[in-house]
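For reference, the structure discussed in these notes is given below.
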Amino acid sequence: MKKLVSLLICVIMTVGFFGTGVSAVQKIGLTRTSITLEVGETATLKLSGAKGKTKWRITDASVCKYKNGIVTAVGEGKAYIYATNNGKKYKCTVTVTAPEESVTSYDPDSFDSVFSMEMGERAQVDIMTTGYGKIKVRNEDPNIISVSCGTVTDGSFTLYVDAEGVGVAMVTVYDSTDPSEYFTLGFVVSSWGSEAQNDFYTDTKADILSSDEFVDEVIRLVNEERAAAGLDALEKNDTLCTNADKRAREVAKKFSHTRPDGTKCFTAITISFTSAAENIAKGQTSPAEVMDSWMNSDGHRKNILSPDYCQIGVGYDEASGSWVQIFTD
Numbered sequence: 003m004k005k006l007v008s009l010l011i012c013v014i015m016t017v018g019f020f021g022t023g024v025s026a027v028q029k030i031g032l033t034r035t036s037i038t039l040e041v042g043e044t045a046t047l048k049l050s051g052a053k054g055k056t057k058w059r060i061t062d063a064s065v066c067k068y069k070n071g072i073v074t075a076v077g078e079g080k081a082y083i084y085a086t087n088n089g090k091k092y093k094c095t096v097t098v099t100a101p102e103e104s105v106t107s108y109d110p111d112s113f114d115s116v117f118s119m120e121m122g123e124r125a126q127v128d129i130m131t132t133g134y135g136k137i138k139v140r141n142e143d144p145n146i147i148s149v150s151c152g153t154v155t156d157g158s159f160t161l162y163v164d165a166e167g168v169g170v171a172m173v174t175v176y177d178s179t180d181p182s183e184y185f186t187l188g189f190v191v192s193s194w195g196s197e198a199q200n201d202f203y204t205d206t207k208a209d210i211l212s213s214d215e216f217v218d219e220v221i222r223l224v225n226e227e228r229a230a231a232g233l234d235a236l237e238k239n240d241t242l243c244t245n246a247d248k249r250a251r252e253v254a255k256k257f258s259h260t261r262p263d264g265t266k267c268f269t270a271i272t273i274s275f276t277s278a279a280e281n282i283a284k285g286q287t288s289p290a291e292v293m294d295s296w297m298n299s300d301g302h303r304k305n306i307l308s309p310d311y312c313q314i315g316v317g318y319d320e321a322s323g324s325w326v327q328i329f330t331d
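Position in the sequence shown (from 1) plus 2 gives the number in my numbering.
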């Protein structure tokens with residue numbers, strides 16, 4: 003009988019922001035009072051001359067984020083960054099514009115099938131492999147999309163494609179025993195909210211729904227455990243769920259609290275926070291099973307039952323069975 007192996011790790015981190023101590027005669031102020039960036043660009047912002055602890059707050063984390071003196075543009079719009087030191091508040095206005103979009107021209111006839119996506123979306127493509135030998139999948143443009151595959155069952159498998167950059171990407175599905183037998187899939191990725199590049203669409207809502215149901219059930223079980231411990235319920239934060247969903251796809255590739263790019267897991271969080279924790283797991287097939295695993299582990303249970311947190315985001319990657327919980331204050 004096969005053994006099902008479940009993996010889980012937890013980590014907790016508290017972040018404090020501190021100004022740099024300087025002489026008493028130096029004027030306290032932000033290094034910049036206004037910043038204009040394109041999506042994806044960064045800028046340095048610090049409170050010079052400050053003494054003691056400085057608290058940073060962003061009015062809209064969907065526009066920009068701030069960490070360790072760096073402002074990163076996330077989405078179009080305007081937001082304000084406030085730095086509070088010794089009871090005095092300092093404001094910087096951040097304006098973010100869309101980058102000039104340059105989508106590679108393409109001929110739809112060059113692909114066997116074409117799909118349009120927006121950045122951040124996930125497509126699920128069911129592929130029939132009848133008549134093929136050993137199937138292989140090659141991602142020709144990993145800077146634009148990431149690809150993962152389900153198990154081949156009864157002559158078919160599911161391809162999961164995540165849109166991560168703007169442009170045209172190609173996936174080649176081929177028979178490794180006879181490379182001349184292949185077909186190609188084209189993915190035209192545009193920036194979020196822009197007009198699609200062609201009339202071919204994948205219906206991602208059905209598989210997103212099943213994942214959402216799992217997410218809500220995990221949160222319900224978390225709050226059930228907290229209620230039994232006399233703690234307040236955690237509030238579901240949609241932005242944290244998006245962050246956790248991204249982390250779940252990363253955990254599918256690398257089971258660690260270190261992200262594939264080498265940074266810590268907390269860099270995936272796009273809302274302001276001063277303390278946060280992450281639980282990850284892999285191999286469990288249901289919300290009840292993964293919660294049982296976490297609650298039977300001291301570190302994971304401590305995060306779930308911590309009174310320090312009031313918000314939660316949950317992510318689930320169906321293709322790999324990876325789970326992520328993110329907690330923040």
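Ideal Cβ positions, reconstructed from N, Cα and C, are used throughout, including at glycine.
By the C-beta density criterion, A290 is exposed, having fewer than 16 other C-beta atoms within 10 angstroms.
CA-to-CA, the gap between L187 and G169 works out to about 14 Å. Leaving aside the five residues that flank V292 on each side, the residues in its chain whose CB is nearer than 6 Å to its CB run, in chain order, A283, Q286, W325.
Linking W58 to I328 through their CA atoms gives a straight-line distance of about 20 Å. Residue nearest to E215 within the set S322, G317, K256, K266 is G317 (criterion: CA-CA distance). Under the three-pair Cβ rule at 8 Å, the stretch 229-248 does not count as touching the stretch 291-305. Judged by DSSP secondary structure, E291 falls within the alpha helix (DSSP H) whose first and last residues are 289-297. For the pair M172 and D143, the CB atoms are nearer than the 8 Å cut-off. Put simply, of V175, Y162, R140, I314 the residue whose alpha carbon is nearest the alpha carbon of M119 is Y162.
Inter-segment contact for the stretch 37-44 and the stretch 86-101 is present: three or more beta-carbon pairs are separated by less than 8 Å.
No Cβ-Cβ contact shorter than 8 Å links Y84 with G31. DSSP places G42 in no alpha helix (DSSP H); its state is neither H nor E. Rounded to whole angstroms, N225 and K238 show a C-alpha spacing of 10 Å.
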